[in-house]
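Protein chains in written order, with my numbering: chain C, 1 to 629; chain V, 1001 to 1629.
Taking it in order: structure first as structure tokens, then the write-up.
Number of protein chains: 2
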Amino acid sequence: MTLGYNGKILRVDLSTNTIAEETPAELVYRTYMGGSALSLYFLLKEQKAGVDPLGPENKLVFMSSVISGAPLPGLTRYTAASRSPLTGAFGEAEAGGFWGPELKMAGIDGIIVEGRSPKPVYLWIKDGKGEIRDAAQLWGKETGEVERLIREELGDVRIRVAQCGPAGEKLVRYACVVNELKHANGRTGMGAVMGSKNLRAIAVRGTKRLPLANPEKVREIGKEVVKRIKQSPLAQNLRKFGTPFFVMPLHNSGILPTRNFQVGQFEGAEAISGETMTDTILQKSEGCYACAVQCKRSVKVDGKYTARPEYGGPEYETVASLGSFCSIDNLAAIAQGNEMCNRWGLDTISTGVCIAFAMECTERGILTSKETDGIDLRFGNVDGMLEMIRKIAFREGFGNILADGVRRAAEKIGKGSENYAHHIKGQELPMHDPRGKQGLTLAYATSPTGADHIEAPHDTSFLTDGPMLKAVNPAGVLEPMSAQEMGPRKIRQFVHTQQIWNFFNSLGVCNFAAAPYTAFPLVMLAEAVEAVTGWDTSLFELMELGERTITMGRMFNMREGLSSEDDNLPDRLYEPLEEGTPREKQFTREDFNKALQLYYQAMGWDPQTGVPTGGRLSYLGLDWLIDKE
Amino acid sequence: MTLGYNGKILRVDLSTNTIAEETPAELVYRTYMGGSALSLYFLLKEQKAGVDPLGPENKLVFMSSVISGAPLPGLTRYTAASRSPLTGAFGEAEAGGFWGPELKMAGIDGIIVEGRSPKPVYLWIKDGKGEIRDAAQLWGKETGEVERLIREELGDVRIRVAQCGPAGEKLVRYACVVNELKHANGRTGMGAVMGSKNLRAIAVRGTKRLPLANPEKVREIGKEVVKRIKQSPLAQNLRKFGTPFFVMPLHNSGILPTRNFQVGQFEGAEAISGETMTDTILQKSEGCYACAVQCKRSVKVDGKYTARPEYGGPEYETVASLGSFCSIDNLAAIAQGNEMCNRWGLDTISTGVCIAFAMECTERGILTSKETDGIDLRFGNVDGMLEMIRKIAFREGFGNILADGVRRAAEKIGKGSENYAHHIKGQELPMHDPRGKQGLTLAYATSPTGADHIEAPHDTSFLTDGPMLKAVNPAGVLEPMSAQEMGPRKIRQFVHTQQIWNFFNSLGVCNFAAAPYTAFPLVMLAEAVEAVTGWDTSLFELMELGERTITMGRMFNMREGLSSEDDNLPDRLYEPLEEGTPREKQFTREDFNKALQLYYQAMGWDPQTGVPTGGRLSYLGLDWLIDKE
């Protein structure tokens, strides 16, 4: 069993101020590989059900992967995972950039943070050694300041800092972890968990070279992937326009989330599009470690609104959530909103959805400016949106209500406001509307983290011609089908894609470098794992890792008391879009319930309860979870 | 959908004396690939349930595969499939040699035989064209004579002939199809189906070169596989001793089937071993098309007993079924028995099991020489065994009773004889005892064809050290486990291996060239499919093909009225072996029932009924079978 992989895990107990080093068996790495699955391995093995997500018993895991840090495009992402304070279910989010690879070059695969420090601290990791340091001087400060102070204190400008921001300190339930001021582990409130532990930041510096089993093969794969990136029209669009490139195709398809999911087309779409961003505020395209796609934005705004390049620039999700979703067509203001979220550590998606929720409540007379601190929070109120971001981050006034997410906010507000609170399992919906690409219904409803566009594949047929979509499915060539199909053939496509997305989350693969955009073909990803680790593996093993990841998240949730009842969609998604995709292309409750049944069966879960069966757990090597059902 | 693969299928209607040519869509080839799965595709699509297996409505499919015929070791096998006259369930058997590749070189992927000819005929296929020819002069003749006459009539000694033999003409329910006198589609009575159609032979000659998408890659793979075959100790043992090499390790492990599964060790093991065969009667080692293993035997015996080299030589299964199973240690007589089976077209396994059944009934006084045509059919009666082969082949006297298989024979004989009739779903058990390698319990019980060692993987840990077994599992590195384990970890190993064995049966892969012996690694098999067809495929797609194959067989059987009740084992396997594996290493009914439950769940089947769910069918692209549940 000693083929050679021996990544180190740091176990940091903040209650006792101690750090221990562990080397899991190679079989553990081989089976879970990293990210989502390896985090779940530790959470399921070590943590009992029902702990307070913001209490010291909740563990917070940062996990890279066995291939992360290899000099190949698209392998930079790491996971932050815990029980979520937003959902009470599995909490997890991935982030790109350089922090994950830096951790690997420091000789560390992952960090398990336990307990709670009696006072603010930060963690400093240098080449395999960890140190818990005082953070009194950092507490309350915005992220840019904290990063600068840590680098000064430790005397190294190349230190990479991941941190929770003031919003995390304030336990905003969707506070994110942000690294290098612009790459976020956005969803499910991992920043709040960090804040609850009085852990403000994790600073990392690594100077080791990653050992590669077959360096020549790694180089060969790298060359091939870079070549494919150059040849991929979509990769080139991402380079030019970033993820906001998606604004116009979604608008044109009638599924651009607008005004809290009331309509699917936004009259201001062009003004907030990737094309406009490139023409106006873009400073430069940036990328993550070793990536040739360069889809990240760095923008500069200097006028009534401001945005500094060091905070990056808004992704598509942010352009939509702070823009069309709030009916705001002012790109400069969106850029400032993005900076504010990064500066204070807020998930831009949940932030935008919370504000749009309040806006619709205002439009419908459920809320007035009396409740919302004197702000007339109607759709399109740019300054109201920005002010509300600040109030949420610091839990001020009405911001304190929105800081708990739409589910809890609606409970407090009452008066039917829950009809406008769009979440699944308590997590706010991301900026992709299932009415028009129906695979998303299952993606959102079954993701263990609640509505989540990274857990959950979505039909890209609106972007690609048929063959492109078909070519990447590892099940072979699939029959062409429309984005609106929800029958057995869509189940086939959906489950396979969900497996892919989930092994991506365990390997730290970015879906803009790999499938469905084919720059990094799936079989080549398996070859990359082999070239880096020396393991004799295959795409089959990775696809099984994907299913294992989905299943472990499911088991975590079952243990926390969730059930098939929680695999639902907000009512609004059953209502027709007022503008956008025509009604006849949308789905009914019956369509969804049928599809969910087929999905459970396809996964080998109990068709009634949605609980993974002992036999399927055994197949996946998860028989150690059978007794815990 | 037109990537290029366009293999032809000949549809032969013997009732109307017509031949039509069809080219299935490339998507059909991509999804089913050949052999078992593609045969099932046609049977499930075209044939209604409940037809008489020996009537004109039962279709008989001969199916090669998309890679068969490529100049690579281990890819020669083709499938004969139909509803089985022995079991009433899915009937299917693979055979190696040169006939399958010859069919491909004649430009044909498969043949669907329908109807029944009013008079004896044979089918002649030359370079894509088929012809139904008169076989009056061939009827009743032994296989060697038929092959000679056809070659003479058509004037080409290089014609390859597959035929059913006189036993098929006589509708012996386990009559085989034999090609080139020595390679048999042995199990489930495909020769009887052929005979029932008055189709005596299919003669094939092809001079086309197989088109290869990437000839250089094919050559490269070929070189690598040949190198690995030379380095594999097991492949070299197979070359030296053929499959009878297995006699001694099985005897030494206490699981050599002996005297109708009463004991697990045979005092005459050495006398019938592969080593003895090589030292005494072996003429030469032979191989199938393009294979470097050369595990086939050609033996010569000239004395009291005789055997001619053109009929090959006994495989392990034959050495055991006509040898230890009947308590016969005379290798010359076994070789003659093997020749008789090949000469008349009998499956050696079912033949031996039927005779051993009669022998145990005789020992126990249920049968006397009065019933058995004056032969005192006790264990060890060499000449009785040989005479009984002849009687079975020609349905003479007591042979007429045994010609229907042990299930029907026991029904006729009564008097508790069913306790000694060892079959599953009506098919006689092959020569591997699950008491000592427990994975076989599920393998036998769940194979759609009934007890079958080619449908069904068996634990090879008795042959290999742990790592060898582990290395080939595409799920990754598995924890070491004993052959006796039957818990969740064994389920994990078993289902994965069953997937492998089943995609082998659909691709025509030989398990002596490929896994578990690693000469042809599984990932390289996927590369071979890609190099031959040009399809962008992976091991994942092949593993899914394996599951699809298992599931289609299951659906065929469900349609024919079988149920989970038929996933059983003969009572004897729950009794302890009198000699051999110690009792504490054997399994109980409870062990088996638990394992079967886990297996159903692992497959995503209904845990009570064992019926594949609509969702899992959808996942596999088999939603067209949902309504037929």
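Using N, Cα and C, we set each Cβ at its ideal position, and we do this for glycine too.
Practice problem: Can you pull the chain C residues whose beta carbon is under 8 Å from the beta carbon of Arg1616(V), in chain order? | Solution: Gln601, Ala602 and Gly604
Quiz item: When the cut-off is 8 Å and only beta carbons count, does Pro430(C) lie next to chain V?
Solution: no
Quiz item: Pairing CB atoms from the stretch 1534 to 1552 of chain V with CB atoms from the stretch 472 to 490 of chain C, are three or more of them under 8 Å?
Solution: yes
Practice problem: Using a Cβ-Cβ cut-off of less than 9 Å, list which residues of the stretch 583 to 599 of chain C approach chain V; keep chain order. | Solution: Gln597, Leu598 and Tyr599
Practice problem: At 9 Å on the CB atoms, spell out the chain C contacts of Arg1489(V), in chain order. | Solution: Ser618, Gly621 and Asp623
Quiz item: Using Cβ-Cβ distances below 9 Å, what residues of the stretch 533 to 564 of chain C are close to chain V?
Solution: Trp535, Asp536, Thr537, Ser538, Leu539, Phe540, Glu541, Leu542, Met543, Glu544 and Leu545
Exercise. Starting from the C-beta of Leu86(C), find all residues in its chain whose C-beta is less than 6 Å away, skip the five residues before and the five after it, and write them out in chain order.
Key: Arg173, Tyr174, Thr188, Gly189, Gly405, Gly426 and Gln427
Quiz item: In whole angstroms, what is the alpha-carbon distance linking Thr1018(V) and Gly1186(V)?
Solution: 28 Å
Quiz item: Buried or exposed: where does Lys1197(V) fall if 16 or more other Cβ atoms within 10 Å of its Cβ makes it buried?
Solution: buried
Quiz prompt | Contact set between Gly7(C) and chain V, taken where Cβ atoms lie within less than 7 Å | solution = The contacting residues do not exist; Gly7(C) stays about 16 Å from chain V at best.
Quiz item: Who are the near neighbours of Asp465(C) in its chain, counting only those whose CB is closer than 7 Å to its CB and skipping five residues on each side?
Solution: A caution first: Asp465(C) carries a pLDDT of 38, below 50, which makes its placement in the model too unreliable to give a value.
Practice problem: Could you tell me whether the Cβ atoms of Pro430(C) and His453(C) are closer together than 8 Å? | Solution: yes
Self-check item: Local conformation of Ile1019(V) per DSSP, three classes
Solution: strand
Quiz item: With distances taken between CB atoms, is the gap from Ser1482(V) to Thr1549(V) smaller than 8 Å?
Solution: no
Quiz prompt | Enclosing beta strand (DSSP E) for Ala1235(V) [first to last residue] | solution = Per DSSP, Ala1235(V) belongs to no beta strand (DSSP E); it is in the alpha helix (DSSP H), Pro1233 to Phe1241.
Exercise. Assign Asp95(C) to buried or exposed, taking buried as 16 or more other Cβ atoms, counted over all protein chains shown, within 10 Å of its Cβ.
Key: Asp is not the amino acid found at residue 95(C); the sequence shown has Ala there. That one is buried.
Quiz item: Quick one: any contact between the stretch 1270 to 1285 of chain V and the stretch 1206 to 1213 of chain V, if contact means 3 or more CB pairs under 8 Å?
Solution: no
Quiz item: How about Gly1439(V): is its C-beta nearer than 8 Å to some C-beta of chain C?
Solution: no
Quiz item: Val1523(V) CB to nearest chain C CB: under 8 Å?
Solution: yes
Exercise. Quick one: list the residues of chain V neighbouring Val495(C), beta-carbon separation under 8 Å, in chain order.
Key: Tyr1619
Quiz item: At a Cβ threshold of 8 Å, is Val1299(V) touching chain C?
Solution: no
Quiz prompt | Beta-carbon contacts of Gly384(C) that lie in its chain and below 6 Å, excluding the five residues immediately before and after | solution = Ile375 and Leu377
Quiz item: How long is the line joining the alpha carbons of Leu38(C) and Asp109(C), rounded to whole angstroms?
Solution: 10 Å
Quiz item: How about Val146(C) and Val161(C): are their beta carbons less than 8 Å apart?
Solution: yes
Quiz item: Are the C-beta of Gly476(C) and some C-beta of chain V separated by less than 8 Å?
Solution: yes
Quiz item: Between Glu220(C) and chain V, is there a C-beta pair that is closer than 8 Å?
Solution: no
Practice problem: To the nearest angstrom, report how far apart Glu1360(V) and Cys1326(V) are at their CA atoms. | Solution: 9 Å
Exercise. Return the first residue and the last residue of the alpha helix (DSSP H) that Gly1165(V) is part of.
Key: Gly1165 to Glu1169
Quiz item: Is there contact between the stretch 47 to 66 of chain C and the stretch 483 to 495 of chain C, where contact requires at least three CB pairs shorter than 8 Å?
Solution: no
Quiz item: Shorter than 8 Å from the beta carbon of Ile626(C) to some beta carbon of chain V?
Solution: yes
Quiz item: Is DSSP giving Ile1255(V) helix, strand or coil here?
Solution: coil
Quiz item: Using the C-alpha atoms, what's the distance from Glu275(C) back to Pro257(C)?
Solution: 18 Å
Quiz item: Can Gly1097(V) and Thr1076(V) be called in contact, C-beta distance under 8 Å?
Solution: yes
Exercise. Just list the alpha helix (DSSP H) runs in the stretch 332 to 370 of chain C, keeping only unbroken ones of 4 residues or longer that don't cross its boundaries, in chain order.
Key: 348 to 363
Exercise. Sort out for me which residues DSSP pairs Val263(C) with in a bridge.
Key: Thr258(C)
Practice problem: Could you spell out the range, first to last residue, of the beta strand (DSSP E) harbouring Ser298(C)? | Solution: Lys296 to Val299
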